[in-house]
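The structure appears right after this line, and notes come after that.
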Amino acid sequence: MAPGAAGIARFTVVEFIAVVAGAIIGLLATALFGWLFVSIGFGTVAASAGYYVLALVTVAIFSGLYAYLPGTPATLASLAVGILLPTLIVRFSFDAPQPLGTLLLLHLVFALVALSVYRFVHAGGLTGTQPNRP
């Protein structure tokens, strides 16, 4: 990436778009999966502001992990965070009535879709222009 303000601005914009897209598409895919296979109302998940905030925070953590870890460890850590963090928060904070296995399955879908979208946006938005990371 060319050093300078333009390169930093482009990276920041692509990072923001990747986080938001990963969170929203991951949450909607989870709501659809829950509606189709687990008998959870689509609107229960898709219309809740708390779930969107949780999804944004989780995908933002993906961003931090990719900033400081090499590719494979960052992917594995992101999947672990994407499954465990939302499961714990939904289970204990949102007081979800679903059993723990169901929540783990739903958040596995979320983690896979959100991480895939996050990486897809990065692959298309920053072709060959990764900044030097510590």
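Final position of the sequence shown in our numbering is 187; the numbers increase by one with none missing. Glycine included, C-beta positions come from ideal geometry on N, C-alpha and C.
What are the start and end residues of the alpha helix (DSSP H) that includes residue i?
{"i": "residue 106", "result": "102 to 121"}
{"i": "residue 93", "result": "Counting along the chain, residue 93 falls outside any alpha helix (DSSP H), and DSSP gives it neither H nor E."}
{"i": "residue 130", "result": "124 to 145"}
Rounded C-beta distance between residue i and residue j? I'm assuming under 8 Å.
{"i": "residue 174", "j": "residue 70", "result": "6 Å"}
{"i": "residue 26", "j": "residue 82", "result": "The question about residue 26 has no answer, for the chain in this structure spans 54 to 187."}
{"i": "residue 107", "j": "residue 72", "result": "That pair is no contact at about 13 Å."}
{"i": "residue 74", "j": "residue 84", "result": "That pair is no contact at about 16 Å."}
{"i": "residue 112", "j": "residue 171", "result": "6 Å"}
{"i": "residue 68", "j": "residue 116", "result": "6 Å"}
Using a Cβ-Cβ cutoff of less than 6 Å, which residues in the same chain neighbour residue i once the five nearest sequence positions on both sides are dropped?
{"i": "residue 119", "result": "127"}
{"i": "residue 114", "result": "134"}
If you draw a straight line from the alpha carbon of residue i to that of residue j, how long is it in whole angstroms?
{"i": "residue 124", "j": "residue 156", "result": "27 Å"}
{"i": "residue 129", "j": "residue 79", "result": "17 Å"}
{"i": "residue 161", "j": "residue 132", "result": "8 Å"}
{"i": "residue 136", "j": "residue 142", "result": "11 Å"}
{"i": "residue 168", "j": "residue 138", "result": "14 Å"}
{"i": "residue 121", "j": "residue 62", "result": "19 Å"}
{"i": "residue 163", "j": "residue 66", "result": "23 Å"}
Going along the chain, which residues of its own chain have a beta-carbon closer than 7 Å to the beta-carbon of residue i, five neighbours each way excluded?
{"i": "residue 140", "result": "156, 157, 160"}
{"i": "residue 103", "result": "147"}
{"i": "residue 187", "result": "Reliability fails at residue 187, whose pLDDT of 47 lies under 50, so the model's placement of it is uncertain and the value that follows must be treated cautiously. Cβ neighbours of residue 187 beyond the five flanking positions: none."}
{"i": "residue 87", "result": "93, 98, 159"}
{"i": "residue 95", "result": "84, 85, 88"}
In chain order, what residues of the same chain have a beta carbon less than 8 Å from the beta carbon of residue i, not counting five sequence neighbours either side?
{"i": "residue 105", "result": "76, 77, 80"}
{"i": "residue 149", "result": "143, 156"}
Taking 7 Å as the line, does the beta carbon of residue i fall inside it for any heavy atom of the ligand GTP?
{"i": "residue 92", "result": "Although the ligand GTP was asked about, the structure shown includes no ligands whatsoever."}
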